[in-house]
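A.B. asks:
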Amino acid sequence: MSAFSIHSEINSTQSNLISLFLFISDFKNFNSILPEDRIEDFKCSELECSFNIKGITSMKIKIIEKHAHDYILFASQGLANFNFNLKVFFIGEANQNGECKIELYGDLNPFIKSMAEKSLIQLVNTMSLKLSQLKLESI
């Protein structure tokens, strides 16, 4: 296995960071930052979500750590060949618009990593961009 770390672009948010943090902390909203054309069978509960990435694999994710208005750390569950952590960062003052970025890291077979890296970079950039574009009511 080979460790990998992929960082999204940093995007300016259109909502304050408190609203974004609370929004993405609720798994029923997680689907809104995933690329619609690549995801199917999204299901969620209060503690986790699961979905299929078309043509690749099914995935289950849970929150393992939250630091109010700074970041949320998600982790995959039950995947034999692809375990990862996904960390969503909120940069700036909590009650103001700021910036967000997403990091994906874990371990992958080097051969699979070389094949999947471009898609994974596109995934985290899409998620960060969609999160930044959300227009939520201020809390």
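The numbering of the sequence shown is my numbering, which starts it at 69 and goes up by one.
We put the beta carbon where it would ideally sit given N, CA and C, even for glycine.
(1) So phenylalanine 157 is in the beta strand (DSSP E); what residue range does that whole segment cover?
(2) Please list, in chain order, all residues of the same chain as glutamate 77 whose beta carbon is under 8 Å from its beta carbon, the five residues on each side excluded.
(3) Over the uninterrupted beta strand (DSSP E) stretch that includes isoleucine 78, give me the two end residues.
(4) I'd like the span of the alpha helix (DSSP H) that includes lysine 10, first residue to last.
(5) Give me the residue from Glu161, Asn165, Ser182, Gln190 with the minimum Cα distance to glutamate 171.
(6) Taking Cβ positions, are leucine 153 and tyrosine 173 nearer each other than 8 Å?
(7) Assign threonine 81 to one of two classes, buried (16 or more other C-beta atoms within 10 Å of its C-beta) or exposed (fewer than that).
(8) Taking the beta strand (DSSP E) that leucine 141 belongs to, which residues open and close that run?
C.D. replies: Based on what the coordinates show:
(1) As a working note, residue 157 is residue 89 in the sequence shown. Segment 151 to 159, the beta strand (DSSP E) holding phenylalanine 157.
(2) As a working note, residue 77 is residue 9 in the sequence shown. Taken in chain order, the residues that qualify are Lys169, Asn193, Ser196, Leu197.
(3) Residue numbering aside, residue 78 sits at position 10 when the sequence shown is read from its first letter. Element bounds for isoleucine 78: n/a, residue is neither H nor E.
(4) A question about residue 10 goes unanswered here, because the residues of the chain that appear run from 69 up to 207.
(5) Position 103 of the sequence shown, counted from the start, is the residue given in the question as residue 171. The shortest C-alpha separation from glutamate 171 is found at Gln190.
(6) Along the sequence shown, one-based indexing puts residue 153 at 85. Along the sequence shown, one-based indexing puts residue 173 at 105. Just to set this straight, residue 153 is asparagine in the shown sequence, not leucine. Cβ atoms of asparagine 153 and tyrosine 173: closer than 8 Å.
(7) Your numbering for residue 81 matches position 13 in the sequence shown. With 16 or more other Cβ atoms inside 10 Å of its own Cβ, threonine 81 counts as buried.
(8) As a working mapping, residue 141 is identified with position 73 in the sequence shown. 139 to 145 is the extent of the beta strand (DSSP E) around leucine 141.
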